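Okay, so here's the structure we're looking at.
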Amino acid sequence: MAITPKHSFNKNKRNYIATKKFTDREEPKKSFRNHVIKVKESNFNHENKYDVLVYYGVGGVGKSSLIRQLNKEIIEDYPKSLVFNLDFRDQINTSPARALLELINSQKGQAKGRFTHFEVAYSVYFIKRHPDIAYNEKSIPFVSELGIIADIIGNISGVGLIGSVTGVVNQAYKMFNKLGLKTCPPADT
Numbered sequence: 034m035a036i037t038p039k040h041s042f043n044k045n046k047r048n049y050i051a052t053k054k055f056t057d058r059e060e061p062k063k064s065f066r067n068h069v070i071k072v073k074e075s076n077f078n079h080e081n082k083y084d085v086l087v088y089y090g091v092g093g094v095g096k097s098s099l100i101r102q103l104n105k106e107i108i109e110d111y112p113k114s115l116v117f118n119l120d121f122r123d124q125i126n127t128s129p130a131r132a133l134l135e136l137i138n139s140q141k142g143q144a145k146g147r148f149t150h151f152e153v154a155y156s157v158y159f160i161k162r163h164p165d166i167a168y169n170e171k172s173i174p175f176v177s178e179l180g181i182i183a184d185i186i187g188n189i190s191g192v193g194l195i196g197s198v199t200g201v202v203n204q205a206y207k208m209f210n211k212l213g214l215k216t217c218p219p220a221d222t
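Heads up: the sequence shown begins at 34 in this note's numbering, then just goes up one per residue.
The following block contains the structure:
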């Protein structure tokens, strides 16, 4: 029998095939499940001001895959839940406004919650922050999705959706209350 190398670059046959199956993360998954159960049992009332579960490690060990898998499992186990993610690896997410936008965008695919008030407030913030960019109501992609809120804000005397926005949100809340619709209380100004 001839002596041949064990590994060869020219070999047509693959010995190992990569799979997409998620394996070998039982301990982090167990910690996550226990944490979710603890939060659920406490009825979301925590004495601690901060409640964060952190997974860390060197690049390439599977943190992002673990997070995607945990998100999938939490949605399967608790179908009414909303799952949000924020990755601070991207430096732009250290800005509070951008971090809030990314949190909302991380939930978009779940289609369980609508964040119309946030979208309106963020649009107003963005337009005030970037006055050099020209906008009109047709250039805002979610205007057609706003429904009654767009109608209410648009019908406030002399105020278009993207026009003069001082007090628009409080006016919308007052209009909602006048119509008997339930809302959160307006922010103090």
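Every residue, glycine too, gets a C-beta built ideally from N, C-alpha and C.
Here the structure is a predicted model, which means the values were calculated and not measured.
> Closest by CA to ILE108, which one among GLN124, VAL69, LYS96?
Replying inline: On the sequence shown, residue 108 is found 75 positions in, with the first residue counted as 1. Of GLN124, VAL69, LYS96, the residue nearest in Cα terms is VAL69.
> Which whole runs of the alpha helix (DSSP H) in the segment 129 to 167 are 4 residues long or more, in chain order?
Replying inline: Fully enclosed alpha helix (DSSP H) runs of 4 or longer: 129 to 140, 149 to 162.
> Under 8 Å, do PHE117 and SER139 count as touching if we go by C-beta distance?
Replying inline: Within the sequence shown, numbered from 1, the residue matching residue 117 stands at position 84. Within the sequence shown, numbered from 1, the residue matching residue 139 stands at position 106. Yes, Cβ-Cβ distance for PHE117 and SER139 is below 8 Å.
>> Let me make sure I understand the geometry here. Which of PRO112, ARG122, ALA130 has the alpha-carbon closest to that of GLY92?
In response: On the sequence shown, position 59 is the one that residue 92 refers to. Closest option to GLY92, Cα to Cα, is ARG122.
> Can you tell which of ASP120, LYS105, VAL72 has the C-alpha that lies nearest to the C-alpha of VAL87?
Replying inline: Taking the first residue of the sequence shown as position 1, residue 87 is located at position 54. Looking at the Cα atoms, ASP120 is the closest of the given residues.
>> Give me the residue from ALA130, TYR111, ARG101 with the minimum Cα distance to GLU152.
In response: Translated into positions along the sequence shown, residue 152 becomes position 119. Measuring from the Cα of GLU152, the nearest candidate turns out to be ALA130.
> Which of helix, strand or coil does DSSP assign to ILE36?
Replying inline: Position 3 of the sequence shown, counted from the start, is the residue given in the question as residue 36. Here ILE36 sits in coil by DSSP.
>> Rounded to the nearest angstrom, what separates GLN102 and THR127 at their Cα positions?
In response: Taking the sequence shown and counting its residues from 1, the one referred to as residue 102 is at position 69. Taking the sequence shown and counting its residues from 1, the one referred to as residue 127 is at position 94. Distance between the alpha carbons of GLN102 and THR127 is about 24 Å.
> Considering ASN104, what are the terminal residues of the alpha helix (DSSP H) in which it resides?
Replying inline: By one-based count along the sequence shown, residue 104 stands at place 71. First-last of the alpha helix (DSSP H) with ASN104: 96 to 110.
>> Taking the straight line between their C-alpha atoms, what separation do you get for ARG58 and LEU134?
In response: To locate residue 58, count along the sequence shown from 1; it is residue 25. To locate residue 134, count along the sequence shown from 1; it is residue 101. Approximately 30 Å, taken between the alpha carbons.
>> So the candidates are GLN124, ILE36, ILE100, TYR155; which of them puts its Cα closest to the Cα of PHE65?
In response: Here the question's residue 65 lines up with position 32 in the sequence shown. Minimum Cα distance to PHE65 is reached at ILE100.
> For PHE117, which three-state DSSP category applies?
Replying inline: Translated into positions along the sequence shown, residue 117 becomes position 84. DSSP places PHE117 in coil when its eight states are reduced to three.
> Rounded to a whole number of angstroms, what is the C-alpha to C-alpha distance between SER75 and THR149?
Replying inline: In the sequence shown, counting from the first residue as 1, residue 75 sits at position 42. In the sequence shown, counting from the first residue as 1, residue 149 sits at position 116. Straight across, the Cα-Cα distance linking SER75 with THR149 is about 29 Å.
> Excluding five sequence neighbours on each side, which residues of the same chain lie with their C-beta closer than 7 Å to the C-beta of ILE137?
Replying inline: In the sequence shown, counting from the first residue as 1, residue 137 sits at position 104. Within the same chain, ILE137 has close Cβ partners PHE148, PHE151.
>> Using the three-state DSSP reduction, which class does VAL69 fall into: helix, strand or coil?
In response: In the sequence shown, counting from the first residue as 1, residue 69 sits at position 36. Of the three classes helix, strand and coil, the one that applies to VAL69 here is helix, per DSSP.
> Which value, in whole angstroms, describes the spacing of the CA atoms of VAL198 and VAL157?
Replying inline: Within the sequence shown, residue 198 is the residue found at index 165, counting from 1. Within the sequence shown, residue 157 is the residue found at index 124, counting from 1. Low local confidence applies: a pLDDT of 46 at VAL198 is under 50, so the model's placement there is unreliable, with the coordinate-based value given in what follows. Cα to Cα, the separation comes out at about 7 Å.
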